[in-house]
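Inspection log for the structure reproduced underneath, given as structure tokens.
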Amino acid sequence: MPDMIETNRPKRQEIKMMNRKTLEISGVMNVESFDSEEFLLETECGFLTVRGNNLHMKTLNLEQGLVAIEGHVNEIVYLDGQQGKSKGFIGKLFK
Numbered sequence: 010m011p012d013m014i015e016t017n018r019p020k021r022q023e024i025k026m027m028n029r030k031t032l033e034i035s036g037v038m039n040v041e042s043f044d045s046e047e048f049l050l051e052t053e054c055g056f057l058t059v060r061g062n063n064l065h066m067k068t069l070n071l072e073q074g075l076v077a078i079e080g081h082v083n084e085i086v087y088l089d090g091q092q093g094k095s096k097g098f099i100g101k102l103f104k
């Protein structure tokens, strides 16, 4: 019975940003990719892209679904479906 409750629980995500320098995100299931300018995260609410400058991972705990990112945050965007995975280099060229 506990498994049934766990799989039917509502999606939950919290995003907390302090002074555009520290970003804490809950509900993260996987880190698809990251570099100093962009993080692509798979979350309970869909794919999430974080863009900025000098970004680096401060905390990663996928068991608890927590990620903390430091740097200068310029943009936080949810992507529809699998769009985020295929966007990559070619998508940036035709932006």
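First residue of the sequence shown? That's 10 in the working numbering, and the numbers climb one at a time after it.
Glycine included, every Cβ here is placed at the ideal spot set by N, Cα and C.
Among L88, V86, Q22, the one whose alpha carbon lies nearest that of E53: Counted from its first residue, the sequence shown places residue 53 at position 44. When only C-alpha atoms are compared, the closest one is Q22.
E51 in three-state terms, based on DSSP: Walking along the sequence shown from the start, residue 51 turns up at place 42. In this structure, E51 counts as strand in the three-state DSSP scheme.
Three-state class that DSSP yields for E84 in the structure shown: One-based indexing of the sequence shown puts residue 84 at position 75. Annotated three-state conformation of E84 is strand, per DSSP.
The ligand NAD heavy atom lying under 8 Å from the CB of I34: Because no ligand of any kind appears in the structure shown, any question about the ligand NAD cannot be addressed here.
Local Cβ density within 10 Å of L71, reported as buried at 16 or more and exposed below that: Within the sequence shown, the letter at position 62 stands for residue 71. Classification for L71: exposed.
E33 - DSSP class collapsed to helix/strand/coil: For this step, residue 33 is matched to residue 24 along the sequence shown. Here E33 sits in strand by DSSP.
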